[in-house]
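Asks: Just passing along the structure, written as structure tokens.
Number of protein chains: 2
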Amino acid sequence: MPTSRTDPLTLEVVELIGTVVARYHEEYEQAAAAHALTGAQARVLGLLALEPTPMRKIADKLKCEPSNVTGIIDRLESRGLVERRPDPADRRVKVAAPTEEGRATARKLRDSLHFAREPLGELTEVERTLLRDLLKRMLGVETA
Amino acid sequence: MPTSRTDPLTLEVVELIGTVVARYHEEYEQAAAAHALTGAQARVLGLLALEPTPMRKIADKLKCEPSNVTGIIDRLESRGLVERRPDPADRRVKVAAPTEEGRATARKLRDSLHFAREPLGELTEVERTLLRDLLKRMLGVETA
DNA sequence: TATTGTTATACTCTATAACTATA
DNA sequence: TATAGTTATAGAGTATAACAATA
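Here the protein sequences come in this chain order: A and B. Oh and the first sequence: position 46 is 46 in our numbering, straight run, nothing missing. If you want our numbering, it's the position in the second sequence, counting the first as 1, plus 1000.
Listed below in structure tokens is the structure:
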């Protein structure tokens, strides 16, 4: 286990990452607001667009309590973007799934997230590959 | 102006950045909670530890409405971590400043933010330099 | 008994609008 | 008149605890 680094270079990188995080969030909230969604609603809609998901599993992915998901899905459902479906295999379970309009909104939302796509255009392909591999190692992702 | 890239490599980097953002936030909230602070309270306390700041300017930095800052500072003040000081130059202004305990808490908080410091230890100095420069170019920061 | 989802409750953060005290 | 800070209000996210339906 390496000791925590406090050298100037590492601190500079940490600060840059903080800037990336701040800018990412800012743009994400903006994009969500452009569709009259909160950040949490946009995140859940994005999840469901990938795959209809039981309430409990949504809570797991959001790392929040299941009781919160009830409200978020309530609000998305009242706007016609999401619907609750029964799970034939387990009658306790409710699967949240996007409606057609919900899928369209999720698509537009994803397309409007320009962050890190526009700026990455400044980098060459070699540089983007380099960045990818550095991030992967930083995150401890398998370099498969 | 470059067109938005949608090639697989760029999308992969975008997703990795999303992962960085998620992990960063998770660790930040955890660190804050370990000191019985919310994320917003921790951020403000961190700001004030750098420099006592008028209410209005705190709102600017947080990119939120000034009315919200009142509540956040209220809660920090009621816990003895922050105090409001008058500004001799302008009697309308209140400058929020950390108490000694507030400074100590901010220090402990900062030290417990291991994210991107531990993982960066995995990288060599050359790699960290590379990562720094790539992030800088991505963020459009002057490579002074 | 354990699990899924919900309800009820309380707290924090958020924006908006109206207010006060200064400038 | 303009600005700094506050209050009041309402909506949303959050955790906790208790509950009904189902497993």
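Glycine is no exception: its CB is placed at the ideal position from the N, C-alpha and C atoms. Computed from a predicted model, the values in this text were never measured in an experiment.
What residue from VAL1014/B, LEU1011/B, GLU1026/B and THR1019/B has the CA that sits closest to VAL141/A's CA?
Replies: The candidate whose alpha carbon is nearest that of VAL141/A is THR1019/B.
Asks: Using three-state DSSP, classify MET1001/B as helix, strand or coil.
Replies: Its pLDDT being 46, under 50, MET1001/B is placed unreliably by the model, and the measurement read from it follows with that caveat. Note: MET1001/B maps to coil in three-state DSSP.
Asks: Do you know how far the Cα of ARG1084/B is from the Cα of ALA1033/B?
Replies: Near 24 Å, if we compare the C-alpha coordinates of ARG1084/B and ALA1033/B.
Asks: Nearest-angstrom Cα distance between ALA89/A and VAL95/A?
Replies: 11 Å
Asks: Please list, in chain order, the residues of the stretch 116-137 of chain A that have any C-beta partner in chain B closer than 8 Å.
Replies: So the list reads ALA116, ARG117, GLU118, PRO119, LEU120, GLY121, GLU122, LEU123, GLU125, GLU127, ARG128, THR129, LEU130, LEU131, ARG132, LEU134, LEU135, LYS136 and ARG137, given in the order they occur along the chain.
Asks: Do ARG1117/B and THR10/A have their CB atoms nearer than 8 Å?
Replies: Yes. Within cutoff.
Asks: Which chain A residues are close to LEU1009/B, counting only those with a beta carbon under 8 Å from its beta carbon?
Replies: GLU125, ARG128, THR129 and ARG132
Asks: Taking only three categories from DSSP, how would you classify ARG103/A?
Replies: Three-state result, ARG103/A: helix.
Asks: Distance, Cα to Cα, ASP1007/B vs THR129/A?
Replies: 12 Å
Asks: Secondary structure at THR6/A, three-state DSSP: helix, strand or coil?
Replies: coil
Asks: Where does the unbroken alpha helix (DSSP H) through VAL1044/B begin, and where does it stop?
Replies: 1039-1050
Asks: Once DSSP output is grouped into helix, strand and coil, what is the label at VAL141/A?
Replies: In the structure shown, VAL141/A sits in coil (DSSP, three-state: anything other than H, G, I, E or B).
Asks: Taking the straight line between their C-alpha atoms, what separation do you get for GLY1102/B and ASP74/A?
Replies: Answer to the nearest angstrom: the Cα atoms are 40 Å apart.
Asks: If we cut at 8 Å on Cβ distances, does HIS1035/B have a partner in chain A?
Replies: no
Asks: Grouping DSSP H, G and I as helix and E and B as strand, with all else coil, what is ARG1092/B?
Replies: Coil.
Asks: Would PRO2/A count as contacting chain B if we go by Cβ distances under 8 Å?
Replies: With a pLDDT of only 49 at PRO2/A, under 50, the local geometry of the prediction cannot be trusted, and the value read off the model is given with reservation. Yes, PRO2/A counts as interfacial toward chain B.
Asks: Assess contact between the stretch 1120-1134 of chain B and the stretch 1056-1073 of chain B, defined as three or more Cβ pairs (one per stretch) separated by less than 8 Å. Is contact present?
Replies: In the pairwise beta carbon analysis, the stretch 1120-1134 of chain B is classified as not touching the stretch 1056-1073 of chain B: fewer than three pairs are separated by under 8 Å.
Asks: Taking Cβ positions only, does ILE1072/B come closer than 8 Å to chain A?
Replies: no
Asks: Quick one: is VAL1021/B near chain A, going by C-beta distance under 8 Å?
Replies: Chain A contact via Cβ: present.
Asks: Exposed or buried, which one is ALA36/A when buried takes at least 16 other CB atoms within 10 Å?
Replies: exposed
Asks: Expressed to the nearest angstrom, what Euclidean distance is found between the alpha-carbon atoms of VAL1082/B and GLU1027/B?
Replies: Annotation: VAL1082/B to GLU1027/B spans about 24 Å, alpha carbon to alpha carbon.
Asks: Just mark ALA104/A as buried or exposed, buried being the case when its beta carbon has 16 or more other beta carbons within 10 Å.
Replies: exposed
Asks: In the DSSP assignment, find the alpha helix (DSSP H) that holds GLU77/A and state where it starts and stops.
Replies: 66-78
Asks: Between ASP1133/B and LEU135/A, what straight-line distance do the alpha-carbon atoms span, to the nearest angstrom?
Replies: The alpha-carbon atoms of ASP1133/B and LEU135/A are separated by roughly 13 Å.
Asks: Using a threshold of 8 Å, state whether the C-beta atoms of LEU1139/B and LEU16/A are closer than that.
Replies: yes
Asks: Suppose the cutoff is 8 Å on Cβ atoms and the five residues either side in sequence are ignored; what does the same chain contact list for ALA1042/B look like?
Replies: Counting only Cβ-Cβ distances below 8 Å, and skipping sequence neighbours, we find TYR1028, ALA1031, ALA1032, HIS1035 and LEU1109.
Asks: Around the Cβ of PRO54/A, are there at least 16 other Cβ atoms within 10 angstroms (buried) or fewer (exposed)?
Replies: buried
Asks: I want to see whether chain A comes within less than 8 Å of ILE1017/B, judged by CB atoms only; does it?
Replies: yes
Asks: Using C-beta distances below 7 Å, list every residue in its chain close to THR38/A, excluding the 5 sequence neighbours before and after it, in chain order.
Replies: ALA32
Asks: Quick one: does LEU139/A have its CB under 8 Å from some CB of chain B?
Replies: yes
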